[in-house]
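Some notes on the structure that comes next.
Numbering (my numbering), first residue to last: 10 to 97.
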C-alpha cells in the first residue's frame with residue numbers, strides 16, 4: 010500500500026532510512042524483521058529473527074553481518090532485474 014509499518018524505525022549503521030526494522034513483542038519474546046526500501050517499487054526482507062540477547066537492545070554483531078551480506082545480495086539482484094527489464 011506504500012505505507013510504512015507503524016512500528017518501523019531506521020536500523021542504526023545503515024545510513025538513514027533505507028534499511029528499517031520492525032520490533033514486535035509476543036508472549037515475553039521479542040522478534041525483529043529487517044527490510045530495505047532502497048529500491049524503487051520493491052521491498053526486500055533481509056532478516057527475521059528472535060532477539061535472545063539479554064545484554065540490551067543492541068542487535069547482535071552476527072545478525073548485523075547477515076543483514077549486510079543480504080543487503081549486498083539484494084543490491085545485486087535489483088541491478089540485474091533492472092538491467093533485464095530495460096532490455097525488454
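Cβ atoms here follow ideal geometry from the backbone N, Cα and C, with glycine treated the same way. It should be emphasised that the depicted structure is a prediction, and the values quoted were computed from it without experimental measurement.
With at least 16 other beta carbons inside 10 angstroms of its own, residue 28 counts as buried. In the assembly as shown, residue 54 is an exposed residue. Its beta-carbon has fewer than 16 other beta-carbons within 10 Å. Here residue 87 has 48 as same chain residues with Cβ atoms under 6 Å from its own Cβ, once five neighbours each way along the sequence are excluded. Taking a contact as a CB-CB distance under 8 Å, the pair residue 41 and residue 58 counts as one, their CB atoms being some 6 Å apart.
In the DSSP assignment, the residues bridged to residue 31 are 17, 42.
Counting only the Cα atoms, residue 52 lies some 23 Å from residue 34. One thing to note: residue 82 has its Cβ no nearer than 8 Å to the Cβ of residue 56. One alpha carbon belongs to residue 38, the other to residue 73, and they sit about 20 Å apart.
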